[in-house]
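K.L.:
Sharing a structure with you now.
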Amino acid sequence: MSEDDAFLQFLLRMGDNTLVLGHRLSEWCGHAPNVEEDIALANTALDLIGQTQMWLGLAADVEGDGRSADDLAMLRDAWDFRNLLLVEQPNGDFGRTMMRQYLFDQLHLLLLEGLQASTDERVAAIAAKSVKEVAYHLERSAETVIGLGDGTPESRRRMQSALDVLWPYSGEAFQRDNVDAAMEAARIAPDPAGLKQPYESAVRATLIEATLGLPEDDFAHSGGRTGARHSEHLGHLLAQMQWLQRAYPGAAW
Amino acid sequence: MTTAIGEIWKWLDAVPDPEIPAVSVVDLGIVRDVAWNGARLDVYVTPTYSGCPATRIIARDIEAALRARGIADLNIATRLSPPWTTDWISEKGRRELERQGIAPPHPSGGPARCPRCGSGNLSCISRFGSTPCKALWRCGDCLEPFEYFKCI
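See the structure below:
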């Protein structure tokens, strides 16, 4: 794999994570338990879609085939997406959505902090822009996980169940492959395997406050960031997200 | 004969932010640079939040304002780095925000005082508000809710 190919894959991984999670969060619009949470989820989704425009915009430039960020978002099929399996998991109840958000935000923050030192100025600029927004996302998702985990027996039960389901999706992010090796060699992105330790200690600290326990098995689902095997949920999400562009190609307003 | 850059900054300072019209795009620190490149005027703008829908409208409003002043050759470019910070909001912008009932950003992470009664007895109701840049707070003395311009 050439460095350019690896760079494109890396950018798709970044942009597809924010796109797919941004879309998932937007599914809550008008359905959240109260208006403050509704606004918070919609605003978080908005930040993530804004970040997607930057990552996929750069991906489209690097690809150089005349495709735009919109083309990449709306006209690729499931096998071309490079997001983590974690972010495509269904929303479930509010607790599960917030647990997924926390597990992603914590990872996202560490990743963006590392990317601020990228030798590629464009990557460093997008990371520096995004990291402030993501620090705010993390503050809120961590405090919500703590509040619901250390809450009523019912909320605690739901948060533990969310963690049991979602934790096996968190390990994929740290599985280094040849794309990561090429990015590390070019000093564009840090080695993701090196983020595993700081990630786990940060998550453990939050979960202790939330009175929740990590599953002991460290099995990790994989296949999202390589595109080898997405879960069945991604196709359904894309069917909804891409429907308009598929049915009415080039529709604009 | 090209217009002096200082004059163009004055024109831009009359372009209101589309979501908070009391403050100008210059007061918010969105306009980063203005320069003549030969006969072409280059204006560099930076987004506040990356997904803020106002960003595109701001570029359009700036273009309309400058064209109305007779600037025909115009290039509006986005500059991401360094990322926008609320530190760039001018003193005039901060005063205007407060006058509109929006508490200006404060390094403590929360509003310094209630924009209505000045009390420091405040609590956060919601970390997000009507736009990406604001949160909702409430005053414990006058009991009024108010918006706070988040510090980033």
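Chains as they are written, first to last, in this note's numbering: chain A, 1 to 253; chain W, 254 to 405.
Every residue gets a Cβ at the ideal spot worked out from N, C-alpha and C, and that includes glycine.
Are the region 224 to 234 of chain A and the region 145 to 159 of chain A touching by the rule of at least three beta carbon pairs closer than 8 Å?
P.N.:
No: fewer than three Cβ pairs fall under 8 Å.
K.L.:
Taking Cβ-Cβ distances below 8 Å as the criterion, which residues of the region 278 to 304 of chain W are in contact with chain A?
P.N.:
Listed by position, the residues of the region 278 to 304 of chain W near chain A (Cβ gap below 8 Å) are P300, Y302, S303, G304.
K.L.:
Run through DSSP, which three-state label would Y199/A get?
P.N.:
Position 199 of the first sequence, counted from the start, is the residue given in the question as residue 199/A. If DSSP states are grouped into helix, strand and coil, Y199/A belongs with the helices.
K.L.:
Residues bridged to K345/W by DSSP?
P.N.:
One-based indexing of the second sequence puts residue 345/W at position 92. K345/W pairs with nothing; no bridge assigned.
K.L.:
Would the beta-carbon of L110/A fall within 8 Å of that of P198/A?
P.N.:
Here residue 110/A refers to the residue found at position 110 of the first sequence. Here residue 198/A refers to the residue found at position 198 of the first sequence. Yes, these two residues count as a Cβ contact at 8 Å.
K.L.:
For G64/A and A127/A, I'd like the C-alpha separation in whole angstroms.
P.N.:
Along the first sequence, read from residue 1 onward, the residue named residue 64/A stands at position 64. Along the first sequence, read from residue 1 onward, the residue named residue 127/A stands at position 127. Distance between the alpha carbons of G64/A and A127/A is about 22 Å.
K.L.:
In terms of DSSP beta bridges, what is R391/W paired with?
P.N.:
As a first step, residue 391/W must be located in the second sequence, where it is residue number 138. Answer is S376/W, P398/W.
K.L.:
Give a yes or no on whether the minimum CB-CB distance between A125/A and chain W is below 8 Å.
P.N.:
For the purposes of this step, residue 125/A is identified with residue 125 of the first sequence, where counting begins at 1. Yes, because at least one Cβ of chain W sits closer than 8 Å to the Cβ of A125/A.
K.L.:
Does the distance from the C-beta atom of T52/A to that of L19/A stay below 8 Å?
P.N.:
Here residue 52/A refers to the residue found at position 52 when the first sequence is read from its first residue. Here residue 19/A refers to the residue found at position 19 when the first sequence is read from its first residue. Result yes, Cβ atoms of T52/A and L19/A sit closer than 8 Å.
K.L.:
What would DSSP say about L327/W, mapped onto helix, strand or coil?
P.N.:
Working through the second sequence from its first residue, we reach residue 327/W at position 74. Strand, per DSSP.
K.L.:
Does the Cβ of A6/A have 16 or more other Cβ atoms within 10 Å, making it buried, or fewer, making it exposed?
P.N.:
For the purposes of this step, residue 6/A is taken as the residue at position 6 of the first sequence. Burial call: buried.
K.L.:
DSSP on W28/A, reduced to helix/strand/coil?
P.N.:
The residue labelled residue 28/A in the question sits at position 28 within the first sequence. In the structure shown, W28/A sits in coil (DSSP, three-state: anything other than H, G, I, E or B).
K.L.:
Which residues of chain W have a Cβ atom closer than 7 Å to the Cβ of Q101/A, listed in chain order?
P.N.:
Locating residue 101/A in the first sequence gives position 101, where the first residue counts as 1. Under the 7 Å cutoff, chain W gives no residues; its nearest Cβ is about 13 Å from Q101/A.
K.L.:
Go ahead and pull the three-state DSSP assignment for Y248/A.
P.N.:
Taking the first sequence and counting its residues from 1, the one referred to as residue 248/A is at position 248. Three-state result, Y248/A: coil.
K.L.:
Nearest CA to the CA of G15/A: which residue from G151/A, A73/A, A182/A?
P.N.:
Against the first sequence, residue 15/A aligns to sequence position 15. Comparing Cα positions, the closest option is A73/A.
K.L.:
If I measure Cβ to Cβ from P215/A and keep anything under 6 Å in the same chain, skipping five residues before and after, which residues do I get?
P.N.:
Counting from one through the first sequence, the residue named residue 215/A turns up at place 215. Around P215/A: D164, W167.
K.L.:
If we define contact as Cβ-Cβ less than 8 Å, is N17/A a contact residue for chain W?
P.N.:
Looking up residue 17/A in the first sequence gives position 17. Cβ-Cβ to chain W under 8 Å: no for N17/A.
K.L.:
Please list the partners that F402/W has in chain A, where partner means a Cβ-to-Cβ separation under 8 Å.
P.N.:
Here residue 402/W refers to the residue found at position 149 of the second sequence. Ordered by position in chain A, no residue passes the 8 Å Cβ test against F402/W, which lies about 13 Å from the chain.
K.L.:
I want to verify the contact list: residues of chain W whose CB lies under 7 Å from the CB of M74/A, in sequence order.
P.N.:
What you label residue 74/A is simply residue 74 of the first sequence in a count that begins at 1. Correct list: empty, because the minimum Cβ distance to chain W is about 17 Å.
K.L.:
When the distance is taken between beta carbons, is E316/W closer than 8 Å to L327/W?
P.N.:
Residue 327/W sits at position 74 when you count from the first residue of the second sequence. Residue 316/W sits at position 63 when you count from the first residue of the second sequence. Their beta carbons are under 8 Å apart, which means L327/W touches E316/W by this criterion.
K.L.:
Quick one: what does DSSP say R313/W is sitting in, helix, strand or coil?
P.N.:
Indexing the second sequence from 1 puts residue 313/W at position 60. In this structure, R313/W counts as helix in the three-state DSSP scheme.
K.L.:
Assuming A288/W and D280/W are in contact, meaning their beta carbons sit under 8 Å apart, how far apart are those beta carbons, in whole angstroms?
P.N.:
Taking the second sequence and counting its residues from 1, the one referred to as residue 288/W is at position 35. Taking the second sequence and counting its residues from 1, the one referred to as residue 280/W is at position 27. No, A288/W and D280/W are not in contact; Cβ-Cβ is about 20 Å, not under 8 Å.
K.L.:
Going by other Cβ atoms of all chains shown within 10 Å of its Cβ, with 16 needed for buried, is D80/A buried or exposed?
P.N.:
On the first sequence, position 80 is the one that residue 80/A refers to. With fewer than 16 other Cβ atoms within 10 Å, it is exposed.
K.L.:
Run down chain A in chain order and give the residues with a C-beta less than 9 Å from the C-beta of P385/W.
P.N.:
Along the second sequence, read from residue 1 onward, the residue named residue 385/W stands at position 132. Within chain A, the residues near P385/W are N43, L46, D47, G50, E133.
K.L.:
Relative to the alpha-carbon of Y136/A, which residue among G171/A, A40/A, R96/A has its alpha-carbon at the smallest distance?
P.N.:
The count along the first sequence starts at 1 and reaches residue 136/A at position 136. Checked all of G171/A, A40/A, R96/A; the closest Cα to Y136/A is A40/A.
K.L.:
Measuring straight from C-alpha to C-alpha, what distance separates I310/W and L396/W?
P.N.:
Within the second sequence, numbered from 1, the residue matching residue 310/W stands at position 57. Within the second sequence, numbered from 1, the residue matching residue 396/W stands at position 143. Between I310/W and L396/W, the C-alpha separation is close to 35 Å.
K.L.:
Thinking just about the alpha-carbon of each residue, which of T44/A, A45/A, R176/A is nearest to the one in S222/A?
P.N.:
The residue labelled residue 222/A in the question sits at position 222 within the first sequence. Considering only alpha carbons, the answer is R176/A.
K.L.:
For A318/W, which option in E349/W, A307/W, V268/W, G363/W has the closest C-alpha, if you only look at C-alpha atoms?
P.N.:
The residue given as residue 318/W occupies position 65 in the second sequence. Residue V268/W is the option with its Cα nearest to A318/W.
K.L.:
If I follow the unbroken beta strand (DSSP E) through R157/A, where does it start and stop?
P.N.:
Against the first sequence, residue 157/A aligns to sequence position 157. Premise fails: R157/A lies in the alpha helix (DSSP H), 153 to 166, not in any beta strand (DSSP E).
K.L.:
Against chain A, with Cβ distances strictly below 8 Å, would R380/W count as a contact?
P.N.:
Position 127 of the second sequence, counted from the start, is the residue given in the question as residue 380/W. Taking Cβ atoms only, chain A reaches closer than 8 Å to R380/W, which makes this a yes.
K.L.:
Could you check which residue in A356/W, Y302/W, R369/W, N374/W has the C-alpha nearest to that of L389/W?
P.N.:
By one-based count along the second sequence, residue 389/W stands at place 136. Nearest of A356/W, Y302/W, R369/W, N374/W to L389/W, Cα basis: A356/W.
K.L.:
To the nearest angstrom, how far is it from the Cα of R391/W to the Cα of E133/A?
P.N.:
In the second sequence, the residue the question calls residue 391/W occupies position 138. In the first sequence, the residue the question calls residue 133/A occupies position 133. When rounded, the distance between both Cα atoms is 23 Å.
K.L.:
Give, in chain order, every residue of the region 27 to 39 of chain A whose Cβ lies closer than 7 Å to some Cβ of chain W.
P.N.:
Answer in chain order: E36, I39.
K.L.:
Indicate whether at least one CB of chain W lies closer than 8 Å to the CB of R140/A.
P.N.:
As a position in the first sequence, residue 140/A is number 140, starting the count at 1. For R140/A, the answer is yes, since a Cβ of chain W falls inside 8 Å of its Cβ.
K.L.:
Looking at the C-beta of K129/A, does it have a partner C-beta in chain W at a distance below 8 Å?
P.N.:
In the first sequence, the residue the question calls residue 129/A occupies position 129. With 8 Å as the cut-off, K129/A counts as an interface residue toward chain W.
K.L.:
Can you give the Cα-Cα distance for D93/A and I258/W, rounded to whole angstroms?
P.N.:
As a working mapping, residue 93/A is identified with position 93 in the first sequence. As a working mapping, residue 258/W is identified with position 5 in the second sequence. If you take the alpha carbons of D93/A and I258/W, they lie about 55 Å apart.
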